[in-house]
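Sequence lines, in order, name chains X and C.
Residues 1365 to 1881 in our numbering are what the first sequence lists, from first letter to last.
Residues 4 to 257 in our numbering are what the second sequence lists, from first letter to last.
Every residue, glycine too, gets a C-beta built ideally from N, C-alpha and C.
Please read these numbers as outputs of a predicted model, since none were measured by experiment.
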Amino acid sequence: MTLFAPGSTLWLLGHEMRLYWRNFRAGRAGRGARGLISLVIVAAMLVGGGVLAALGLHDVQVPINPISISLAALATAVVFTLMLSQTLSASSEALYDRNDLDLLFSSPIGPSKVLFVRSLGVAGGVLTIFALIVTPLLLPSVIWGHPGWIGVFGVLGALALASTAAGLLLAMALFALIGPRRTRTVAQVLAALVGAAFFLVSQIRTILGAQKSNSLFMEIERQAQEGRLHPPPILGLPLRAMLGEPLPLLAILAGSAILFAVAAAALGRRFSDAAAATQGKTAARPAKATRADARRAFAAGPFLATLRKELLLISRDAALMSQVLLRVLYLIPTALVLSRNAAHGAGPALAGGAGVVAFLAGQVAGSLAWITLSAEDAPDLLAVSPARIQTLRRAKLTAAMIPVGLFLIVPIAALSWFQPSAGVWTALGAILAAWSSGLINIWHQRPGKRSDFKRRGGASWMATIAEMLVSALLAGATGVAVAGLWAWALIPLGLAGAALLSLRRSDVQIARNLRTR
Amino acid sequence: MTEALIVRGLDKTFTKPAVMDLDLTVHAGELYALLGPNGAGKTTTLRMVAGLTKPDKGEISIFGIDARADPGAAKAITAWAPDEAMVYDRLTPLEYLEFVAGLWNVEPKAAKARAEELLAKLGLAGEARTRCEGFSRGMKQKVALAGALIHDPKLLILDEPLTGLDAAAARLVKDMLQERVDAGGTVILTTHILEVAERMADRIGIIAGGRLLAEGTLEALRAKAGEGKGGSTLEDVFLELTAAPETQTGGAAA
């Protein structure tokens, strides 16, 4: 830390990076060989994909024409919205995350510098996520035949900076408009909407029921073929930068860096004031005791008391609600397509849609069960109570299933109205997928404080992958059953059962696993 | 005399021994203070009694119930409040107490009345429906204490109950504990504030290096410690008993 002058931006940045690295290492500690193996497998798959892409694209030159320009601009917009979703969430959290903020703001270091470094951390975090996915896929092509494509990393960096600036501006605007009590929740919900925005826009035709194309990409292609596509010159910048043209790349990088620096400099003092204002303001306003409150009886017994507690905690967890909301948003077009196809008796699309519903049920249930079962702020309280652990687990699992049931009611009811048998199969598949995800989360808990559970990355890799696999198998079984091929549905169903059996842990094994953490 | 707690031959080793062959007896209706320097084994001992840490060896009996053989029955009449309040930031005190009462299977109507009474007593009636996330450490400690008392435990175990409390809150908690003992309840607590043990405890146990060095009333400890040479306050007695042999030698030489 003596490399840079104490108090300088680089010195502060070094401090942030050290903390980030240590947190990362602490997060990785204890995951053991299995986690490492999973990581190696995923990395190998990505690198394999990258090598295949490099082989296939070695002699391909990307043309600069209206189609490629539009597609690159579209891809840039998609990545920007996805990044903005992350940075908006991170920027609003930064206001409430006390950790060392009070120490930094009480020091002689200026608030703009603190915000600049903290924002750089947000941008670095989001860039890392995208770079981890893109690097193994793209690097082989960069090395073998297309060195100019290294510009993609520059564009990603520029997007990370721009989205961080936009996220910061949005978070501060929300703070000014709705105050500290609501900003966190609204920002999380908004982040989910932004994250799903592109998907929803691309599915407008699906939602509205257009007769032909349901894809934005196909629409662009058709317009280009008909010679009606004339993107403005500025839209060509992302593609040219991605292909390594120095001036467009420099323009994009400089523009983003300036936007970022201006946002950090302009918002520094406001951010410091806002962060100070959030202290102790995250709670809901003291509610006046209503007559209903006064009359409402306490829950009786450990099951009902735990169920009520978990439902309250889920409903008050803005980050968790935004994760669930994101998946519900993805479900809307699927549900509409499903209902429409059910009404018109379109078999394959109906089967696919039913599978998607079952898969999403498993995924949402997994997210919720992971929180209710593993995130416990007072584990000692449960341990010293005479309540049986099985009762508490059952209550926590039930709490995770209730929201899943609520968000599935509409699509399944609509489906059942048009095709009752498809509705029954979909409901069965969704219930099985949700319950399986819950069981996996019981068997492979990773206990911790609720505040540490901001993102799903904290869950066991194995549990996450197993959940996806089992949900996918059950989704397959659901789709096949809806298509009327019941006997064939037994194959994925059997595979899912076998996977569950291999993942199963007895109470003794669960307890031993928890003790060794 | 009925014994609230009997501990015999308790052993626990983590990477190094934390508690060694510990014997402890707490009579029903008394306030027992367990004192010791940092890392002496106080919290480990109490966690084993509360059923949170599994002993390597030894017996624990709570009001005649073998806590190792029948932990459920022992837990039903015990409450544990550690120095870090076990509360949920996103629940209100009333919701928290509802949950705790449910865990101990307290009849809902009685639990609600008791929750409101406890919150009023602890000066939290006005905050009963405000989420705990904005609370100070002292307020959270009070909520946790209400949680420990909601099922009217026969044995109340408190680890550093006065940590983080201001003078007024500390007085309130001390008065509540005294009231509880006067009403026949049994309280075991650890504390770093020797004045609390000196003023409130019926008997005091001094633990160091995982072993119980001495146990008894303040007078008995004074007699055991100094026999005239160590002074008369509990602090003198504590320092005399817990000083390492080499420190004692050094001290004498100095």
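Residue j beta carbon less than 8 angstroms from that of residue i
i         : j         : result
Val1490/X : Met1447/X : yes
Leu1838/X : Ala1797/X : yes
Ala1664/X : Pro20/C   : no
Ala53/C   : Leu148/C  : no
Ala70/C   : Gly212/C  : no
Arg134/C  : Arg93/C   : yes
Val103/C  : Ile153/C  : yes
Thr1440/X : Val1519/X : yes
Ala1556/X : Leu1693/X : yes
Thr1755/X : Phe1662/X : no
Thr287/C  : Ile196/C  : Outside the shown range of chain C (4 to 257) lies residue 287/C, about which nothing can therefore be said.
Leu1676/X : Glu98/C   : yes
Leu221/C  : Ile207/C  : yes
Leu1467/X : Val1478/X : no
8 angstroms Cβ cutoff, residue i in contact with chain X
i        : result
Phe102/C : yes
Arg93/C  : yes
Asn41/C  : no
Met1/C   : This structure gives no information on residue 1/C, because the portion of chain C shown stretches from 4 to 257.
Val90/C  : yes
Gly75/C  : yes
Lys145/C : no
Ala21/C  : no
Ala114/C : yes
Pro164/C : no
Pro85/C  : yes
Gly126/C : no
Gly67/C  : no
Where residue i meets chain X, residues with beta-carbon distance less than 7 angstroms
i        : result
Arg183/C : Residues of chain X passing the Cβ test: none, with the nearest at roughly 18 angstroms.
Gly79/C  : Residue 79/C is actually Ala in this sequence, not Gly. Those are Pro1750, listed as they occur along chain X.
Leu158/C : Those within 7 angstroms of Leu158/C in chain X number zero; the least Cβ separation is about 11 angstroms.
Min CB distance residue i to chain C below 8 angstroms
i         : result
Ser1749/X : yes
Lys1673/X : yes
Arg1680/X : yes
Ala1393/X : With a pLDDT of only 48 at Ala1393/X, under the threshold of 50, the placement of this residue in the model should not be trusted, and no figure is reported.
Pro1544/X : no
Phe1494/X : no
Ala1863/X : no
Leu1745/X : yes
Chain X residues whose Cβ lies nearer than 8 angstroms to that of residue i
i        : result
Met142/C : Per Cβ cutoff of 8 angstroms: no residues; Met142/C is ~11 angstroms from chain X at best.
Pro111/C : Ala1661, Phe1662, Ala1663, Ala1664
Per-residue contacts from residue i into chain C (C-beta, under 9 angstroms)
i         : result
Thr1670/X : Phe102, Gly105, Leu106
Same chain only: Cβ atoms within 8 angstroms of residue i, ignoring 5 sequence neighbours per side
i         : result
Ser1801/X : Gly1726, Gln1727, Ala1729, Gly1730, Ala1733, Glu1831, Val1834, Ser1835
Phe1480/X : Thr1373, Ala1625, Ala1628, Ala1629, Gly1632
Lys164/C  : The residue asked about is misnamed: residue 164/C is Pro in this sequence, not Lys. Excluding residues within five positions, the ones whose Cβ falls inside 8 angstroms are Ala84, Asp86, Gln144, Leu148, Val176, Leu180, Leu192, Thr194.
Asp1681/X : Ile1735, Arg1814
Contacting residues, own chain, Cβ-Cβ under 6 angstroms from residue i (five flanking each side not counted)
i         : result
Pro1500/X : Leu1410, Val1411, Gly1414
Val1562/X : A small fix is needed here, since residue 1562/X is Phe in this sequence, not Val. Correct list, in chain order: Val1442, Thr1445.
Lys78/C   : Gly54
Ala1487/X : Ala1524, Leu1525, Thr1528
Gly75/C   : none
Any C-beta of chain D under 8 angstroms from that of residue i
i         : result
Ala1742/X : The displayed structure is made up of protein chains X and C, and chain D is not among them.
Chain X residues whose Cβ lies nearer than 9 angstroms to that of residue i
i       : result
Glu98/C : Arg1672, Lys1673, Leu1676
Gly54/C : Ala1747, Val1748
Neighbourhood of residue i by C-beta distance below 7 angstroms, restricted to the same chain and skipping five residues each side
i         : result
Leu1671/X : Ala1759, Thr1762, Ala1763
Asp169/C  : Gly141
Met23/C   : Asp14, Gly213, Arg214
Ala1621/X : Leu1525
Ile1401/X : none
Leu1502/X : Gly1414, Trp1513, Val1516
Leu1689/X : Val1553, Ala1556
7 angstroms Cβ cut-off: residues of chain C touching residue i
i         : result
Pro1666/X : Gly105, Leu106, Asn108
With a threshold of 8 angstroms, are at least 3 pairs of Cβ atoms found where one atom belongs to the stretch 1584-1602 of chain X and the other to the stretch 1503-1515 of chain X? no
Stretch-stretch touch, CB-based, cutoff 8 angstroms, three pairs: the stretch 88-102 of chain C with the stretch 58-74 of chain C: no
Can you confirm whether the stretch 1607-1619 of chain X touches the stretch 1462-1475 of chain X when touching is taken to mean that 3 or more C-beta pairs between the two stretches lie within less than 8 angstroms? no
With a cut-off of 8 angstroms, do at least 3 Cβ pairs link the stretch 1529-1539 of chain X to the stretch 1419-1439 of chain X? no
Any contact between the stretch 25-39 of chain C and the stretch 1862-1877 of chain X? By contact I mean 3 or more CB pairs, one from each, below 8 angstroms. no
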